[in-house]
Structures are given as C-alpha cells and as structure tokens.
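Mind the numbering: the sequence shown is residues 7 to 326 in my numbering, read in order. Below is one structure, written out as structure tokens; comments come after it.
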Amino acid sequence: MKKRELGHSGIEVPTLCFGGNVFGWTADEQRSFELLDALLESGLNFVDTADVYSHWAPGNHGGESETILGKWFKARGNRSKVILATKVGSPMGEGKKGLSKNYIRQAVEDSLKRLQTDYIDLYQSHRDDESTPQADTLGIYADLIKEGKIRAIGASNFTAERLQSALEVSRKHNLPRYETLQPEYNLYDRSGYESSLEATCVKNELGVIPYFSLASGFLSGKYRSAEEAASKPRAGMVKKYFNERGMRILESLDEVSRELNAKPAQVALAWLMAHPSITAPIASATTVEQLRELVGATRLELPHGAVEKLSQASAEVVAA
Ligand SMILES: NC(=O)c1ccc[n+]([C@@H]2O[C@H](COP(=O)([O-])OP(=O)(O)OC[C@H]3O[C@@H](n4cnc5c(N)ncnc54)[C@H](OP(=O)(O)O)[C@@H]3O)[C@@H](O)[C@H]2O)c1
Numbered sequence: 007m008k009k010r011e012l013g014h015s016g017i018e019v020p021t022l023c024f025g026g027n028v029f030g031w032t033a034d035e036q037r038s039f040e041l042l043d044a045l046l047e048s049g050l051n052f053v054d055t056a057d058v059y060s061h062w063a064p065g066n067h068g069g070e071s072e073t074i075l076g077k078w079f080k081a082r083g084n085r086s087k088v089i090l091a092t093k094v095g096s097p098m099g100e101g102k103k104g105l106s107k108n109y110i111r112q113a114v115e116d117s118l119k120r121l122q123t124d125y126i127d128l129y130q131s132h133r134d135d136e137s138t139p140q141a142d143t144l145g146i147y148a149d150l151i152k153e154g155k156i157r158a159i160g161a162s163n164f165t166a167e168r169l170q171s172a173l174e175v176s177r178k179h180n181l182p183r184y185e186t187l188q189p190e191y192n193l194y195d196r197s198g199y200e201s202s203l204e205a206t207c208v209k210n211e212l213g214v215i216p217y218f219s220l221a222s223g224f225l226s227g228k229y230r231s232a233e234e235a236a237s238k239p240r241a242g243m244v245k246k247y248f249n250e251r252g253m254r255i256l257e258s259l260d261e262v263s264r265e266l267n268a269k270p271a272q273v274a275l276a277w278l279m280a281h282p283s284i285t286a287p288i289a290s291a292t293t294v295e296q297l298r299e300l301v302g303a304t305r306l307e308l309p310h311g312a313v314e315k316l317s318q319a320s321a322e323v324v325a326a
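Structure, rendered in structure tokens:
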C-alpha cells in the first residue's frame with residue numbers, strides 16, 4: 007500500500023481516507039463496525055471524523071460518529087493501528103463552537119472521552135473563527151501537542167488568505183503549524199480549491215485531504231436524475247449536480263471507466279489522486295461492497311489522456 011506524509015507531520019497515511027460522517031447517520035453501529043473492520047482488512051487505516059458528526063440526522067446531537075469509533079476501538083483493541091483525524095469548531099449547540107482556547111480545551115477532552123483514546127493523530131479546525139486571534143488557537147494546540155493529546159494539526163474550510171496568515175503566525179511565534187488542509191474538492195466542485203488554495207498548499211508543502219470526493223455519491227454515477235435521488239438521505243446535497251455540466255462529467259466518467267475496466271467512483275477518486283498536490287481524498291461508504299470498490303481506486307493509475315479528458319469535461323468554462 008502506497009503511503010504519503012501528512013505535510014511535514016511525520017505521520018504517514020495511505021492514499022485514501024475513510025470519511026466517518028456516515029457513522030450514526032447512514033450507517034448504524036453494526037454497519038459502522040463492519041465498514042471499519044473491512045477498511046483495516048483492505049490495508050487502509052486512515053479515518054476522518056468530527057466532534058459534530060452526525061448532528062444533522064434526526065434524533066442526533068453530535069458526537070455519534072466519535073462514540074461509535076470509540077466503541078469499535080475498545081471492542082477490537084486496535085487504536086494504535088489507526089490514523090485518527092477529528093475536528094473541532096463547528097456548532098454543537100448550547101454555544102459550543104469556535105476555536106477559542108477555553109473551548110478547544112473542553113472540546114478535545116470530550117472528543118477523547120467519546121473516542122475512548124488518549125490521543126488524536128490529526129486535530130483539525132473544522133472552520134475558521136475570525137473572532138479568536140489565530141495565535142490563541144495555535145497556542146492551545148501547542149499545549150495539547152506537548153501533553154501528547156494530539157500529534158499534529160490541520161485546517162478545514164479556510165480561505166487561502168486566512169490559511170497563509172495562520173502559517174505566518176506559527177512561524178513568527180514558533181507555534182505548531184497547520185500541516186494539512188481539508189477543502190471541498192472533486193471533479194465537479196473545482197474552483198474553490200484550484201483558484202488559490204492549491205497554490206498556498208503547494209508553496210507551504212501542506213498535505214491536502216479533500217472532502218466530498220464523490221460529490222456525495224453523485225460521481226458514482228448511480229443517479230442520473232434528481233428524481234432518482236429524491237428519496238435518499240443525501241438528496242439535498244446531490245440535487246445541485248443535475249445540470250448540463252454534471253451530465254457531461256458523468257459521461258466522461260462512463261467513458262474512462264469503460265476504457266479502464268473500472269467503476270466511475272474509482273475513476274473519480276483516481277482523478278483526485280493524480281493531482282500532485284493531493285495527499286489522500288476522503289470518501290465514505292455505507293456498505294462493504296461500496297467500500298471495496300473505493301479501495302480499488304488506490305490501485306488505479308489514470309493514464310495522462312484520461313486525466314485530461316476528465317479535466318476538460320469538468321472545466322467550468324468550456325471553450326467555444
Ligand atoms: N471538513 C468538512 O467540512 C467536511 C464536510 C463534509 C464531509 N467531510 C468529510 O469527508 C467525508 C466524505 O464526504 P461524504 O461522506 O459526505 O461524501 P462523499 O465521500 O462524497 O460520498 C460518499 C457517499 O457516496 C455513496 N457511495 C460511496 N461509494 C459508493 C459506490 N461505490 N457506489 C455508489 N455509491 C457510493 C455513499 O452514500 P449512499 O450509500 O448513502 O448513497 C457514501 O456515503 C465525510 O465522511 C467527512 O469525513 C468533511
């Protein structure tokens with residue numbers, strides 16, 4: 007299994023990360039255990055979650071995903087085999103949100119408790135918090151690293167300007183720096199990352215672990231119209247993709263998949279993996295079959311012509 011370093015953290019990960027927002031949402035506890043077992047059996051061991059997952063599911067309050075992971079670590083006694091990424095800062099209700107020193111101190115203890123572990127490999131700021139000085143946030147992360155509670159830090163959903171300024175604060179004050187960025191990036195949603203974040207990550211040698219790598223399942227090609235997706239839990243997320251450009255992307259995925267005897271979801275992940283700036287795309291699955299399909303992407307190398315074909319089909323402005 008190919009491995010890559012998360013920025014300069016010294017932490018090596020496989021080229022695909024499993025997304026944990028399904029735990030306690032579209033995968034119940036038993037299914038989550040099956041998925042996690044199958045992940046390790048397949049040779050992958052990198053899992054991304056967040057304190058807030060999956061609060062949007064009816065009856066949930068946040069913390070469900072970490073709780074299931076914690077039960078699985080305990081049941082299997084395998085915490086040390088997994089590279090565990092989680093996040094802090096998204097609103098959890100009752101004013102629990104943001105990146106202040108006091109809040110992070112409390113939130114990390116809550117995450118460690120739910121996860122039934124004493125350390126987190128990659129602790130990420132889930133979203134920017136402009137009301138907290140960046141030196142304060144990085145200062146508490148420095149304390150947590152010294153205490154052995156977290157190993158490295160990352161950022162998610164930051165603008166290029168705010169990411170760059172955080173990196174400068176780290177340098178100036180001799181504080182730990184964000185080693186990774188977790189942006190939204192996939193064959194359909196390209197401009198947010200490609201316009202300026204990518205250059206910032208490359209310049210600073212950050213690891214990049216994009217989310218929504220499958221555009222919430224759209225890039226698997228299993229839905230061909232919004233109506234087909236309408237009754238699914240992700241209906242609200244995928245409906246924006248059913249337009250001319252979305253259909254053009256699915257056609258090119260179909261074509262490349264046929265040529266390479268692969269599946270569209272694998273090709274969509276392999277397109278991300280073909281970018282030198284990408285360390286490991288994050289994708290989730292709700293069945294072991296889906297998971298096995300996604301793992302196949304780590305063995306799929308796209309020829310240059312296929313990468314070009316997909317990039318052209320998904321270009322946001324098409325030359326006349
Ligand atoms: N930092 C952030 O703000 C942020 C935001 C969102 C997500 N994330 C992270 O990124 C991860 C990935 O995002 P995501 O899970 O929401 O979306 P995704 O990876 O783009 O889509 C995954 C979904 O697609 C479907 N799928 C997967 N493999 C398939 C296959 N082979 N064939 C058909 N359908 C397949 C499954 O859903 P169904 O079976 O239900 O169709 C699966 O749950 C999350 O789990 C989370 O860790 C981070």
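Using N, Cα and C, we set each Cβ at its ideal position, and we do this for glycine too. A quick note: this is a predicted structure, and the numbers were derived from the prediction, not measured.
So, with DSSP's three-state summary, where would you put residue i?
i	result
residue 142	helix
residue 92	strand
residue 250	helix
residue 325	Bear in mind that the predicted position of residue 325 carries a pLDDT of just 48, short of 50, making it unreliable; the figure below should be weighed with that in mind. Reduced to three states, the DSSP call for residue 325 is coil.
residue 319	helix
residue 33	strand
residue 293	coil
residue 15	coil
residue 158	strand
residue 270	helix
residue 311	helix
residue 186	strand
residue 215	coil
residue 244	helix
residue 131	strand
residue 301	helix
residue 10	strand
residue 25	strand
residue 116	helix
residue 54	strand
residue 284	coil
residue 306	coil
Relative to the C-alpha of residue i, which residue among the options is closest?
i	options	result
residue 60	28, 299 and 144	28
residue 173	144, 191 and 195	144
residue 138	103, 85, 91 and 99	103
residue 33	22, 19, 63 and 15	63
residue 7	304, 323, 233 and 313	304
residue 160	134, 178 and 152	134
residue 315	282, 258, 293 and 298	258
residue 39	79, 11 and 14	79
residue 11	282, 204, 232 and 196	282
residue 254	9, 323 and 110	323
residue 164	115, 149 and 136	136
residue 251	206, 307, 205 and 320	320
Using only the heavy atoms of ligand 1, determine whether one of them is closer than 7 Å to the beta carbon of residue i.
i	result
residue 218	yes
residue 226	yes
residue 34	no
residue 198	no
residue 28	yes
residue 8	no
residue 127	no
residue 242	no
residue 223	yes
residue 296	yes
residue 132	yes
residue 263	no
residue 239	yes
Is residue j closer than 8 Å to residue i when the C-beta atoms are compared?
i	j	result
residue 192	residue 266	no
residue 17	residue 157	yes
residue 132	residue 96	yes
residue 219	residue 275	yes
residue 286	residue 215	yes
residue 53	residue 26	yes
residue 217	residue 188	yes
residue 94	residue 141	no
residue 90	residue 300	no
residue 117	residue 57	yes
residue 213	residue 185	yes
residue 154	residue 194	no
residue 247	residue 221	yes
residue 112	residue 162	no
residue 13	residue 211	yes
residue 308	residue 280	yes
residue 48	residue 264	no
Is the beta carbon of residue i within less than 7 Å of some heavy atom of ligand 3?
i	result
residue 300	No copy of ligand 3 occurs in the structure displayed; its ligands are ligand 1 alone.
Counting beta carbon pairs with one atom in the segment 62 to 74 and one in the segment 114 to 129, are three or more of them shorter than 8 Å? A contact exists between the segment 114 to 129 and the segment 62 to 74.
Contact between the segment 217 to 227 and the segment 255 to 275: three or more CB pairs below 8 Å? Judged by Cβ distances under 8 Å, the segment 217 to 227 makes contact with the segment 255 to 275, as three or more pairs qualify.
With a cut-off of 8 Å, do at least 3 Cβ pairs link the segment 39 to 47 to the segment 235 to 251? Under the Cβ criterion (8 Å, minimum of three pairs), the segment 39 to 47 does not count as touching the segment 235 to 251.
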